[in-house]
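Novice:
Residue numbers (the numbering used here): 581 to 876.
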């Protein structure tokens with residue numbers, strides 16, 4: 581019998597079909613677009629339409645889940661009287677984690693509920709990978725506390741590298757200054773972004789030309805991946821499936837990953853990055869605090 585329940589939120593950027601298959605339960609985040617509050621469906625077709633609206637000028641804004649919503653979400657699961665491990669979007673980019681912790685603490689006081697909330701320090705499929713690992717450990721009969729401790733130690737080893745040549749959307753979200761976006765557009769400079777140990781999104785390097793940027797990411801991944809042949813490479817994209825597949829297949833061959841899983845960057849993370857971004861996720865050496873090679 582499974583000893584605990586695994587939950588996450590829809591910003592994990594794994595399709596709902598996969599989460600259902602692995603019995604990982606997501607709380608749905610929301611975004612506002614054109615004056616309407618929309619729940620994340622976690623479906624590829626809806627992601628495509630979301631990015632098409634952004635290309636036509638729509639500017640979405642994310643909406644944080646509050647403590648009361650988390651309490652309702654957890655309460656519906658406590659009927660099984662099992663511990664819950666909740667893998668959250670990183671606290672450095674969202675207050676969602678704090679809302680989940682507050683709800684868990686209240687339910688512990690009121691009902692004695694055992695809810696462990698993990699600050700993943702990650703975005704997108706990075707913490708989706710941790711949710712999949714938690715489901716694997718659950719299915720293998722592991723105890724909740726042991727699984728949580730493992731995830732807490734392992735999260736620093738989830739590596740992620742992002743790039744795009746569409747800087748307009750990063751400027752809108754504050755990830756890129758207006759001047760940097762203008763210069764980048766003129767000189768075809770692409771940023772290479774990743775997350776530091778606390779989960780802040782940072783620009784590690786700037787490279788001229790998309791092809792050279794991809795080449796540089798390949799070099800970094802080959803240097804930092806641990807046991808590439810024994811793991812799946814996860815490739816996310818914001819509505820550029822052909823570019824993502826070309827990127828993923830080449831990186832798999834270059835670094836020797838076992839296989840590749842492709843998925844959309846969903847509407848929550850996509851509200852900040854916009855269309856055109858590709859990202860690679862894998863287990864590797866611990867993420868650096870100051871930057872990959874000391875440059876920002």
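Using N, Cα and C, we set each Cβ at its ideal position, and we do this for glycine too.
1. When DSSP labels each residue in this structure, what does residue 839 get in the three-state scheme?
2. Measuring CB to CB, does residue 588 end up less than 9 angstroms from residue 675?
3. Just curious, the alpha helix (DSSP H) that residue 694 is in, first and last residue?
4. What is the DSSP secondary structure of residue 811, counted as helix, strand or coil?
5. Confirm the yes/no value for this check: CB of residue 804, any heavy atom of the ligand ADP, distance under 8 angstroms.
6. Where does residue 645 sit, in a helix, a strand or coil, going by DSSP?
7. Would you tell me roughly how many angstroms separate the C-alpha atoms of residue 640 and residue 855, rounded to the nearest one?
8. Can you tell me whether residue 758 is helix, strand or coil according to DSSP?
9. Here's a check: name, in chain order, each residue in its chain whose Cβ is nearer than 6 angstroms to the Cβ of residue 808, leaving out the five neighbours to either side.
10. What does residue 727 pair with, by DSSP beta-bridge criteria?
11. Name the one or two DSSP bridge partners that residue 668 has.
12. Under the three-state reduction of DSSP, which class applies to residue 877: helix, strand or coil?
13. Please go through the same chain and pick out, in chain order, the residues whose beta-carbon is closer than 6 angstroms to the beta-carbon of residue 804, but skip the five residues on each side of it.
14. Judging by CA-CA distance, which residue of 673, 646 and 623 is the nearest neighbour of residue 680?
15. Do the CB positions of residue 580 and residue 857 come within less than 9 angstroms of each other?
16. Could you compute how far the alpha carbon of residue 628 sits from the alpha carbon of residue 692?
17. Restricting to Cα atoms, I'd like to know which of 703, 775 and 801 is closest to residue 562.
18. Identify the residues that DSSP records as bridge partners of residue 586: which are they?
19. In terms of residue numbering, what span does the alpha helix (DSSP H) encompassing residue 801 cover?
20. When the distance is taken between beta carbons, is residue 683 closer than 9 angstroms to residue 650?
21. Could you tell me the boundaries of the alpha helix (DSSP H) in which residue 743 lies?
22. Based on DSSP bridge pairs, tell me the residues matched to residue 616.
23. Taking C-beta to C-beta, are residue 706 and residue 599 nearer than 9 angstroms?
24. With 16 other CB atoms within 10 Å as the buried threshold, where does residue 586 fall?
25. Could you give the DSSP three-state label for residue 783: helix, strand or coil?
26. Take the Cβ of residue 792 as the centre, count every other Cβ of all protein chains shown within 10 Å, and call the residue buried at 16 or more, exposed below.
27. Using DSSP with H/G/I as helix, E/B as strand and the rest coil, what is residue 638?
28. Compare the Cα-Cα distances from residue 668 to each of 722, 606 and 723 and report the closest residue.
29. According to DSSP, what are the bridge partners of residue 681?
30. Taking 8 angstroms as the limit between beta carbons, can you name the residues of its chain near residue 595, skipping five residues before and five after?
31. Sort 696, 610 and 779 by Cα distance to residue 591 and report the nearest one.
Specialist: Taking the definition as stated:
1. Numbered from its first residue, the chain shown carries residue 839 at position 259. DSSP places residue 839 in strand when its eight states are reduced to three.
2. Walking along the chain shown from the start, residue 588 turns up at place 8. Walking along the chain shown from the start, residue 675 turns up at place 95. Contact annotation: residue 588 and residue 675 have beta-carbon atoms that are not nearer than 9 angstroms.
3. Position 114 of the chain shown holds residue 694. It is not in any alpha helix (DSSP H) - residue 694 carries neither H nor E in the DSSP assignment.
4. As a working note, residue 811 is residue 231 in the chain shown. Correct three-state label for residue 811: coil.
5. No copy of the ligand ADP occurs in the structure displayed, which carries no ligand at all.
6. Reading the chain shown from its first residue, position 65 is the one you call residue 645. Note: residue 645 maps to coil in three-state DSSP.
7. Within the chain shown, the letter at position 60 stands for residue 640. Within the chain shown, the letter at position 275 stands for residue 855. Looking at the two C-alpha atoms, the distance is approximately 12 angstroms.
8. For the purposes of this step, residue 758 is taken as residue 178 along the chain shown, with counting starting at 1. At residue 758 the pLDDT is 39, less than 50, meaning the model places this residue with poor confidence and gives no usable figure here.
9. As a first step, residue 808 is located in the chain shown; it is residue number 228 there, counting from the start. 835, 836 and 837.
10. Looking up residue 727 in the chain shown gives position 147. As computed with DSSP, residue 727 is found in no beta bridge at all.
11. In the chain shown, counting from the first residue as 1, residue 668 sits at position 88. BP columns for residue 668 point to 699.
12. There is simply no residue 877 to check, as the chain begins at 581 and stops at 876 in what is shown.
13. As a first step, residue 804 must be located in the chain shown, where it is residue number 224. These residues qualify, in order along the chain: 739, 864 and 865.
14. Position 100 of the chain shown holds residue 680. Minimum Cα distance to residue 680 is reached at 646.
15. There is simply no residue 580 to check, as the chain begins at 581 and stops at 876 in what is shown.
16. Taking the chain shown and counting its residues from 1, one reaches residue 628 at position 48. Taking the chain shown and counting its residues from 1, one reaches residue 692 at position 112. Using only the alpha carbons, I get a separation of about 42 angstroms.
17. This structure cannot settle anything about residue 562, because the visible part of the chain is limited to 581 through 876.
18. Locating residue 586 in the chain shown gives position 6, counting from the first residue. DSSP output for residue 586 lists 604 and 665 as bridge partner(s).
19. Here residue 801 refers to the residue found at position 221 of the chain shown. First-last of the alpha helix (DSSP H) with residue 801: 790-804.
20. In the chain shown, counting from the first residue as 1, residue 650 sits at position 70. In the chain shown, counting from the first residue as 1, residue 683 sits at position 103. In contact: residue 650 and residue 683 (Cβ atoms closer than 9 angstroms).
21. Translated into the one-based positions of the chain shown, residue 743 becomes position 163. It is not in any alpha helix (DSSP H) - residue 743 instead sits in the beta strand (DSSP E) that spans 738-743.
22. Sequence index remark: in the chain shown, residue 616 carries index 36 (1-based). According to DSSP, which records beta bridges pairwise, residue 616 is partnered with 613.
23. Stepping through the chain shown from its first residue, residue 706 is reached at position 126. Stepping through the chain shown from its first residue, residue 599 is reached at position 19. Not in contact: residue 706 and residue 599 (Cβ atoms no closer than 9 angstroms).
24. The count along the chain shown starts at 1 and reaches residue 586 at position 6. Per the 10 Å Cβ criterion, buried.
25. One-based indexing of the chain shown puts residue 783 at position 203. In the structure shown, residue 783 sits in a strand (DSSP, three-state: E or B).
26. Reading the chain shown from its first residue, position 212 is the one you call residue 792. Exposed, because fewer than 16 other Cβ atoms sit within 10 Å of the Cβ of residue 792.
27. Taking the chain shown and counting its residues from 1, the one referred to as residue 638 is at position 58. Here residue 638 sits in coil by DSSP.
28. Stepping through the chain shown from its first residue, residue 668 is reached at position 88. That would be 606, whose Cα lies nearest to the Cα of residue 668.
29. In the chain shown, counting from the first residue as 1, residue 681 sits at position 101. Looking at the DSSP assignment, residue 681 forms no beta bridge with any residue, so it has no partner.
30. As a position in the chain shown, residue 595 is number 15, starting the count at 1. Closer than 8 angstroms at Cβ, skipping near neighbours: 622, 623, 624, 843 and 844.
31. Taking the chain shown and counting its residues from 1, one reaches residue 591 at position 11. Considering only alpha carbons, the answer is 610.
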